[in-house]
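This report concerns only the one structure given below.
As structure tokens, this is what we get:
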């Protein structure tokens, strides 16, 4: 049975215009660079993520962003954005270019310092217990983080808590049974997480960065949709496949099929 058409939300008008096949192919080509050239990979992903947030705010923000001085104020001036799992800091400049006040939360000190970037505005802490006061931010986003925590929906509830009523919560995550669910282990995750880890170690002589059951967990499309519909902390505005062109967004409506063919799900909610 098809589920409700959450991919047709008015919140996605601007996002849909940008969801072209060319964009999808460009992102697909960049994925192998995550380990080999993280600067190139994460810089491109940061630009795409900030454009996503700006598009969502343009359609669904509860108030206009406060314009800054000059013609280059950006699309998010005056807004406070909290990035849960911000990593080594690649997203900071991209948000600053759009005029946002950017704050990130990252639990791993090694991850924070990996790129040698300025970490001003970064907080060390867990996404499942955010060290941020309630109703503190306009936008709270996590990009490719939910699959790396053992309790992703506890993290999502925390994201709703720290977002002021009317603000936006954006949860974007990689599906375990999708083609990129195994991360650097490739498609071997279809053989099982433990076996994929052993195969990676045998081939590379070291464990993967993302260890199944420790820093990589099974999370599905239906899991996220169920949480987003049931939570009392926010209203679901839209759900769509992040890296797919617009004409393939309907896949989120098809149970089972979406678990394999939707590589990354985006949930967009308005905090209460």
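In the numbering used here, the protein residues as written are 1216 to 1487. Note that the Cβ used here is the ideal one computed from N, Cα and C, for glycine as well. Treat the numbers as computed from the prediction; the structure is a model and nothing was measured.
Between residue 1433 and the rest of its own chain, which residues show a CB-CB distance below 6 Å, the 5 nearest in sequence each way excluded? Once the five neighbours on either side are set aside, the close Cβ partners of residue 1433 are 1391.
Within 8 Å, strictly: CB atoms of residue 1430 and residue 1386: no
Under 8 Å between the Cβ atoms of residue 1453 and residue 1224? One thing to note: residue 1453 has its Cβ within 8 Å of the Cβ of residue 1224.
So, is residue 1219 buried or exposed, given that buried needs 16 or more other C-beta atoms within 10 angstroms? exposed
For a quick check, are the C-beta atoms of residue 1360 and residue 1309 less than 8 Å apart? no
Determine the contact status of residue 1316 and residue 1349, defining contact as a CB-CB distance below 8 Å. no
Alpha-carbon spacing of residue 1418 relative to residue 1397, whole angstroms: 15 Å
Quick check on this structure: which residue in 1425, 1441, 1368 and 1253 has the alpha carbon closest to the alpha carbon of residue 1344? 1368
C-alpha gap between residue 1412 and residue 1318, whole angstroms: 33 Å
For residue 1473, count the other beta carbons within 10 Å of its own beta carbon; 16 or more makes it buried, fewer makes it exposed. Which is it? So residue 1473 ends up on the buried side.
Proximity winner among 1320, 1373, 1273 and 1293, relative to residue 1447 (alpha-carbon distances): 1373
Using CA atoms only, rank isn't needed, just tell me which of 1401, 1311, 1275 and 1299 is closest to residue 1323. 1299
Given a threshold of 16 other Cβ atoms within 10 Å of its Cβ, counted over all protein chains shown, does residue 1228 qualify as buried or as exposed? exposed
Nearest by alpha-carbon distance to residue 1354: which of 1379, 1365 and 1290 is it? 1379
Under the three-state DSSP convention, the category residue 1277 falls into: coil
When we look at the beta-carbon of residue 1254 and count the other beta-carbons within 10 Å, is it buried (16 or more) or exposed? exposed
When we look at the beta-carbon of residue 1406 and count the other beta-carbons within 10 Å, is it buried (16 or more) or exposed? Sixteen is the threshold: since fewer than 16 other Cβ atoms of the shown chains lie within 10 Å of the Cβ of residue 1406, the residue is exposed.
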